[in-house]
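The structure appears below as structure tokens.
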């Protein structure tokens, strides 16, 4: 499956079927993340079940504390 | 030095008029670490009228790689960062009035500091303080500019009360146990990139050119060549308790603040976070193990020691910092190692 994540084309395993599993794949599962899928921001509580498919465009921004 | 600001005035969106506005403005920077030092230097060079900068920490050698205002001599003298910052900033531009405050900024302090301020720059290293800044910003209708970085990753957002969502709208909950520069490292260009965003946004606010504010949450990873900007307007909630229709500013309430207590006769400070979130001790142990030092652990707590530092982290969220009676020092260590 090919996705565009933060503007870059990424080839991922088809086993990643949802936004939740994608976040886990990137080690962001336990972080506060804002997800935009095809130009729409997702509500946080829908990350787990929202399906993703070939060609989707995602923007992922996670919050960090350092400064 | 009559031509001091000539290049900034030649930049047409600022001009002579903008420069006069900048000259009459007051900026508050919370934190004088890497982001605080970078923001302060740029804004003082830009010729703001007044800068207030507050920090609870002192200069250490591990700061020098990226905290641009400090020197080896400051480390030797163990100067508080706010004081060392003022020393250097006054050398750079003696026309700027600089209030340097060595203090742990919590609600009471913020209530006083925010008066008369045109913009607040977030240069803190933790979300407890940011949630307080967020509520103060809403209560006094003062814009603030979030900035944070770790490793080669950074992000920034400009919060305008009444126009943009607030930090609580974006986060819903306060992140606990996130990465910090002391556990995951940082390179100085990451700091500079966040500072560039924060200072530019601040200048737009100071010259009252609000229509060109970025109005997007920006993030980047300089090492991975990644950059993104998303419009988060849709996350603004009318029901938000900080910025909604009936705000109660929850983080200004004593129940929602991190509580500290000096434990009698034990040379120990207890820190109790406001949230009842169980800590993930396995992840924390993994993070601390990368720093060297000694970790021991059981089902209920994790004990970490490195040099003179010893701390015990309980599953219920509490942390004991041993070897000090100084609450401010204990909170500094807490934010450095734990979150």
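Chains as they are written, first to last, in the working numbering: chain A, 629 to 695; chain B, 7 to 345. Backbone N, C-alpha and C fix where the C-beta goes; we use that ideal spot for every residue, glycine too. Here the structure is a predicted model, which means the values were calculated and not measured.
Cβ proximity to chain B below 8 angstroms picks out 634, 635 and 636 from the stretch 633–646 of chain A. With a minimum length of 4 residues, the unbroken runs of alpha helix (DSSP H) contained wholly in the stretch 93–155 of chain B fall at 113–119 and 133–146. Residue state for residue 10 of chain B is assigned as coil, using DSSP reduced to three classes.
At a cut-off of 8 angstroms, the C-beta of residue 225 of chain B has a neighbouring C-beta in chain A. In this structure, DSSP gives residue 307 of chain B an extended state, which the three-state scheme calls strand.
Within the model, the alpha-carbon separation for residue 285 of chain B versus residue 95 of chain B is close to 40 angstroms.
Annotated as proximal: residue 155 of chain B and residue 200 of chain B, with beta-carbon spacing under 8 angstroms. Any Cβ of chain A closer than 8 angstroms to the Cβ of residue 256 of chain B would place that residue at the interface, and such an atom is absent. Of the other Cβ atoms in all chains shown, fewer than 16 fall within 10 Å of the Cβ of residue 19 of chain B; this residue is therefore exposed. Residues are counted here when their Cβ sits less than 7 angstroms from a Cβ of chain A; for the stretch 132–155 of chain B these are 132, 133, 153, 154 and 155, given in chain order.
Residue contact check for residue 661 of chain A against chain B: no CB pair falls below 8 angstroms. The bridge partners DSSP lists for residue 630 of chain A are A/639. Along the stretch 666–691 of chain A, the positions whose C-beta sits under 7 angstroms from a C-beta of chain B are 669, 672, 687, 689 and 691, read in chain order. The Cβ atoms of residue 31 of chain B and residue 54 of chain B lie closer than 8 angstroms to each other.
Here DSSP, grouped into helix, strand and coil, assigns residue 167 of chain B to coil. Separation of residue 250 of chain B and residue 280 of chain B (C-alpha to C-alpha, rounded to the nearest whole angstrom) is 22 angstroms. Around the beta carbon of residue 109 of chain B, a 10 Å sphere encloses fewer than 16 other beta carbons of the protein chains shown; the residue is thus reported as exposed.
With respect to the 8 angstroms criterion, residue 40 of chain B and residue 197 of chain B are classified as neighbours on the basis of their beta carbons. Between residue 120 of chain B and residue 241 of chain B, the alpha-carbon positions lie close to 26 angstroms from each other. If you draw a straight line from the Cα of residue 312 of chain B to the Cα of residue 232 of chain B, it is about 35 angstroms long. Exclusion of the five residues before and after residue 219 of chain B leaves 164, 166, 207, 210 and 211 as the residues of its chain whose Cβ lies within less than 8 angstroms of its Cβ.
Annotation for residue 175 of chain B: 241, 242, 243, 246 and 249 place their beta carbon closer than 7 angstroms to its own, counting only its chain and skipping 5 residues before and after.
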